[in-house]
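Numbering (mature numbering (1 follows the signal peptide of the UniProt record, and there is no 0)), first residue to last: -24 to -1, 1 to 828.
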């Protein structure tokens, strides 16, 4: 039997050949013994504290392989072998070793390994004292095509949460995760633990519940990160210094800089900082920048530093001296550019081109103006103006600027309108209610099975609440509202994380027919929305914030610049980035990433009373505009990193007084993609008879009814006119349709079959707590004698069960056909409907037919 410590030597005569470069010792040693081809490694801990997490790497001669590992797993890439211990020997106590469970394996030839390291240090324990281990590490092992990560907590405190992100070679996929959820986007894979291994004990590991998964090829991952640190615990290396810094163009007040890309460190490059002397003057993502605001005829010194995705900066480039031009050397302006034209348009940008100017000393570039305001500067004769609003007309001009900052006259103005967010056809926006999975028994899956999802462009998930204490987007709680609808605190702190992302759904309730196990980090409605989007990739899903019950604190979050920034940041973090609070074993960082494509604002109502107890102020109108602009600003900033444009929509009122009090619609339109205009609830009787209990009325008539006895004569037409006349582009407006009815009882005939007649209160509802309201499908099936009648003048549908009976107002296929024809004639964007559980497919089919 041979026995030796495989590290610095295997044979004394070969010490200088076989020894690896000395590294920091870990306090661990690995001693190798071999009897023929049977090998064994004993790992010992010579320190005074337990060591958790270790692995061994060694080399074998070409052609020799390992197999049959016991008490460990082995992977081999060429001649390099990695040995990872079983969970029960992953921690080695102070002064102890791995016996009697030391790893063994079989060699294909009776040879000794060389160049052995344990945790990156020499196996014989030589080298400098080891640095303290990283707080958290993740070691990977591969057996055939099964990958496994063991997470090690090297601290004396419990690790409460973790996730692993790594990359695979192009074309390789990961699937079949155990003890975690797995998502793959291109080459990048994210592992999120389940509730039972999300926490890792002090000085412990995830064994025996470490994540495993299947790879389509037997390869090792790269760029592995755990909680945004390197999986091996090593410190991140910064990027190298950019090289060849130069200035191709300078003027009297600007200096254009360019450089060669820096070599990345251990993290991807995220951009460059440009310094004037020691002051940061700009940050860019590419390898060019233009420094502005300089003084003519003045010398400056510039340097550039690369930064990685964590913001770590590399060393500075060599300094470049630039002296700006002297304006007295040239006073002649360049010629005016000609032929300004648009070469491409989409919903958020316009591409421009023009013919070059000439100048006696040289043209430095071109200034592009939008509405008379300088937007950007181009070096050549084209530019893309981005960050624009859909369905909006803009005026563009261009001026040439020479090397001495003399500017030409502007081009003739070019008028261009951006495209709408649909591109062609019409928007179909439906609301899905969080609570529909209870009494309504309406699941996300129903949107698939009844054909709705295939006919919709947008699905708004209702509703997200506002934290009454922190004034942030509220998630991670399950707390119902009070039973009294007039309770001013009815919605405070309410939410349903159980329905949102914690409740497991059975196979029969699941979009893809696969049941939740209950261990996933994302379950409930959100997981079903993810599955629905996978089946209908063109469907946009937005989180709808507020609603009637959850709008109480909008006035507070919109009140100041600081409160707006805080609120918007929290909403994007929760819903767009998907960082859900832990609840019921679900949630966690990134758990809901990619589900929501934007934000829908349902503030009911800025500057006017809504639900009892709602906060409102005369300042709400201006603050509402600023809040929506802040959503646009932060979403656009996120788009710069993700490459995806996020949408902003809002539910906006029909009442002229509420429009005036809370909506500067022309200004808001600069930030917003869709106005989902209220086309229903003009009249009705609530469950507490606090609204209009004693008189019937159409809830969504297209035109004004001359018999309407109310002072404010509502109609869809007058509501839409209010928005378009105030400057909202028609292709930003969707018309609200009701997939439910509102009803009264004890209704007199009055010679008009109950229209605008006296009543005794709300009719019995579909649910006991919702008197006066029924979903369309329930209404036509459950109210005897409710045969649809049509008001041809007002374009409204209703039914009347007879004198002293019930009277209901609702949309049906007839009114939807009339309204969709009208909205098309007005050039509107499409239709919106509240809410999807009220329809089994009849009404959405009518919408689809009307908007083809």
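All C-beta atoms in this analysis are idealised placements derived from N, C-alpha and C, irrespective of residue type, glycine included.
Please list, in chain order, all residues of the same chain as residue 691 whose beta carbon is under 6 Å from its beta carbon, the five residues on each side excluded.
Position 715 of the chain shown, counting from 1, holds the residue named residue 691. Excluding sequence neighbours, residue 691 sits near 677, 679, 680.
Put residue 716 into one of helix, strand or coil per three-state DSSP.
If you number the chain shown from 1, residue 716 lands on position 740. Correct three-state label for residue 716: strand.
Go ahead and pull the three-state DSSP assignment for residue 52.
Here residue 52 refers to the residue found at position 76 of the chain shown. DSSP places residue 52 in strand when its eight states are reduced to three.
Can you grab the Cα-Cα spacing for the pair residue 191 / residue 150, in whole Å?
Translated into the one-based positions of the chain shown, residue 191 becomes position 215. Translated into the one-based positions of the chain shown, residue 150 becomes position 174. Going from the Cα of residue 191 to the Cα of residue 150 covers about 5 Å.
Starting from residue 820 and walking both ways along the alpha helix (DSSP H), at which residues does that stretch end?
As a working note, residue 820 is residue 844 in the chain shown. Per DSSP, residue 820 belongs to the alpha helix (DSSP H) from 818 to 826.
I want to know whether the region 115 to 132 touches the region 32 to 39 - three or more CB-CB distances under 8 Å.
Counting Cβ pairs under 8 Å, fewer than three are found: no touch.
Among 40, 698, 478, 48, which one has its Cα closest to the Cα of residue 85?
Indexing the chain shown from 1 puts residue 85 at position 109. The candidate whose alpha carbon is nearest that of residue 85 is 40.
How about residue 749 and residue 716: do their beta carbons lie closer than 8 Å?
By 1-based counting over the chain shown, the position of residue 749 is 773. By 1-based counting over the chain shown, the position of residue 716 is 740. Taking 8 Å as the Cβ cut-off, residue 749 and residue 716 qualify as a contacting pair.
Under three-state DSSP, which class holds residue 636?
Taking the first residue of the chain shown as position 1, residue 636 is located at position 660. Correct three-state label for residue 636: helix.
To which residues does DSSP link residue 766 through a beta bridge?
As a working note, residue 766 is residue 790 in the chain shown. Looking at the DSSP assignment, residue 766 forms a beta bridge with 773.
Around the Cβ of residue -11, are there at least 16 other Cβ atoms within 10 angstroms (buried) or fewer (exposed)?
Position 14 of the chain shown, counting from 1, holds the residue named residue -11. Below a pLDDT of 50, predicted positions are generally treated as unreliable, and residue -11, at 29, falls in that range; the measurement from the model is reported next regardless. Under this definition residue -11 is an exposed residue.
Roughly how many angstroms lie between the CA atoms of residue 409 and residue 363, to the nearest whole one?
As a first step, residue 409 must be located in the chain shown, where it is residue number 433. As a first step, residue 363 must be located in the chain shown, where it is residue number 387. Going from the Cα of residue 409 to the Cα of residue 363 covers about 32 Å.
Work out the CA separation of residue 774 and residue 767 for me, nearest whole Å.
Position 791 of the chain shown holds residue 767. Position 798 of the chain shown holds residue 774. Answer to the nearest angstrom: the Cα atoms are 8 Å apart.
If we count the other Cβ atoms within 10 Å of its Cβ and call it buried at 16 or more, is residue -3 buried or exposed?
Walking along the chain shown from the start, residue -3 turns up at place 22. Only weak support exists for where residue -3 lies, its pLDDT of 35 falling under 50; the value from the coordinates is given anyway. So residue -3 ends up on the exposed side.
Restricting to runs no shorter than 3 residues, where is the beta strand (DSSP E) found entirely within the region 186 to 269?
Entirely contained in the region 186 to 269, the beta strand (DSSP E) runs reaching 3 residues are, in chain order, 188 to 191, 198 to 202, 219 to 226, 231 to 236, 245 to 252, 255 to 260, 264 to 267.
Run through the region 409 to 442 for me and flag every whole beta strand (DSSP E) of 3 or more residues, listed as ranges in chain order.
If we require 3 residues or more, the beta strand (DSSP E) runs fully inside the region 409 to 442 come out as 434 to 442.
Could you work out which residue in 251, 164, 480 is closest to residue 562 when comparing CA atoms only?
Counting from one through the chain shown, the residue named residue 562 turns up at place 586. It is 480 whose Cα lies nearest to the Cα of residue 562.
So for residue 75, helix, strand or coil by DSSP?
What you label residue 75 is simply residue 99 of the chain shown in a count that begins at 1. The answer is coil: DSSP assigns residue 75 none of H, G, I, E or B.
Which residue marks the beginning of the beta strand (DSSP E) containing residue 92, and which one marks its end?
Taking the first residue of the chain shown as position 1, residue 92 is located at position 116. Its beta strand (DSSP E) spans residues 90 to 94.
Decide yes or no for the touch test of the region 532 to 544 against the region 422 to 434: beta carbon pairs closer than 8 Å, at least 3 of them.
As far as the Cβ criterion goes, the region 532 to 544 does not touch the region 422 to 434, which means the pair count is below three.
State the Cα-Cα distance for the pair residue 134 and residue 177, rounded to the nearest angstrom.
Looking up residue 134 in the chain shown gives position 158. Looking up residue 177 in the chain shown gives position 201. Going from the Cα of residue 134 to the Cα of residue 177 covers about 5 Å.
Determine the direct distance from the alpha carbon of residue 653 to that of residue 516, and round the result to whole angstroms.
Your numbering for residue 516 matches position 540 in the chain shown. Your numbering for residue 653 matches position 677 in the chain shown. Whole-angstrom Cα-Cα distance: 19 Å.
State the beta-bridge partners of residue 359 as determined by DSSP.
As a first step, residue 359 is located in the chain shown; it is residue number 383 there, counting from the start. Note: residue 359 sits in a beta bridge opposite 328.
Grouping DSSP H, G and I as helix and E and B as strand, with all else coil, what is residue 850?
With the chain represented from -24 up to 828, any question about residue 850 goes unanswered, as that position is not in the structure.
With which residues is residue 571 paired in a DSSP beta bridge?
In the chain shown, counting from the first residue as 1, residue 571 sits at position 595. Answer by DSSP bridge pairing: none, since residue 571 is not bridged.
Around the Cβ of residue 745, are there at least 16 other Cβ atoms within 10 angstroms (buried) or fewer (exposed)?
As a working mapping, residue 745 is identified with position 769 in the chain shown. Flag for residue 745 reads exposed.
Once you ignore the five residues that flank residue 122 on each side, which residues in its own chain have a CB closer than 8 Å to its CB?
As a working mapping, residue 122 is identified with position 146 in the chain shown. Hits under 8 Å: 188, 189, 190, 191.
Taking three-plus beta-carbon pairs below 8 Å as touching, is the region 535 to 551 in contact with the region 468 to 476?
No, the region 535 to 551 does not touch the region 468 to 476.
For the candidate residues 20, 15, 28, whose alpha-carbon lies nearest to that of residue 73?
Start at 1 with the first residue of the chain shown, and residue 73 comes out as number 97. When each option's Cα is compared against that of residue 73, the closest is 20.
Which of the three DSSP states, helix, strand or coil, is assigned to residue -14?
Taking the first residue of the chain shown as 1, we reach residue -14 at position 11. Reliability of the predicted coordinates at residue -14 is poor, the pLDDT of 26 falling under 50, and the value obtained from them is presented with this limitation in mind. Of the three classes helix, strand and coil, the one that applies to residue -14 here is coil, per DSSP.
Name the residue from 138, 164, 174, 705 whose alpha carbon lies nearest to the alpha carbon of residue 146.
Your numbering for residue 146 matches position 170 in the chain shown. Closest option to residue 146, Cα to Cα, is 164.
Decide yes or no for the touch test of the region 321 to 336 against the region 243 to 255: beta carbon pairs closer than 8 Å, at least 3 of them.
The region 321 to 336, when compared against the region 243 to 255, does not touch it at the 8 Å Cβ threshold.
Would you call the region 596 to 607 and the region 549 to 569 in contact, with 3 or more CB pairs under 8 Å?
No, because fewer than three Cβ pairs between the region 596 to 607 and the region 549 to 569 fall closer than 8 Å, the two stretches do not touch.
Please state whether DSSP places residue 148 in a helix, a strand or coil.
Stepping through the chain shown from its first residue, residue 148 is reached at position 172. In the structure shown, residue 148 sits in coil (DSSP, three-state: anything other than H, G, I, E or B).
I'd like to confirm the pairing. Which residues does DSSP put opposite residue 354 in its beta bridges?
By one-based count along the chain shown, residue 354 stands at place 378. DSSP, once it has assigned bridges, lists 342 as partnering residue 354.
DSSP three-state call for residue 625: helix, strand or coil?
As a first step, residue 625 must be located in the chain shown, where it is residue number 649. Reduced to three states, the DSSP call for residue 625 is strand.
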